[in-house]
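The structure appears below as structure tokens.
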């Protein structure tokens, strides 16, 4: 199974949403750590962006099949 950035618009959108979600969650975690705000259940919050990224990158999970 080969991972490559998709060409179809729906798969590419899932990749962009996943990347944005991971960057946002990372920034929020750094902000919370810096301001000493406790975050309960941080790891499950990463599940949605990782699933979006996986559904855009992995051919088995893609909604639009790549040529």
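Numbering (our numbering), first residue to last: 35 to 101.
No residue lacks a Cβ here, since even glycine has one placed at the ideal position from N, Cα and C.
Note that this is a predicted model, so its numbers are computed, not measured.
Collapsed DSSP secondary structure at residue 70 in the structure displayed: DSSP places residue 70 in coil when its eight states are reduced to three.
Close beta carbons around residue 96, own chain, < 6 Å, minus the five adjacent residues each side: 45
C-alpha gap between residue 36 and residue 94, whole angstroms: 10 Å
Reduced DSSP category for residue 75 - H, G, I as helix; E, B as strand; rest coil: coil
Nearest candidate by alpha-carbon position, reference residue 72, set 80, 78, 79, 63: Out of 80, 78, 79, 63, 63 has the C-alpha closest to the C-alpha of residue 72.
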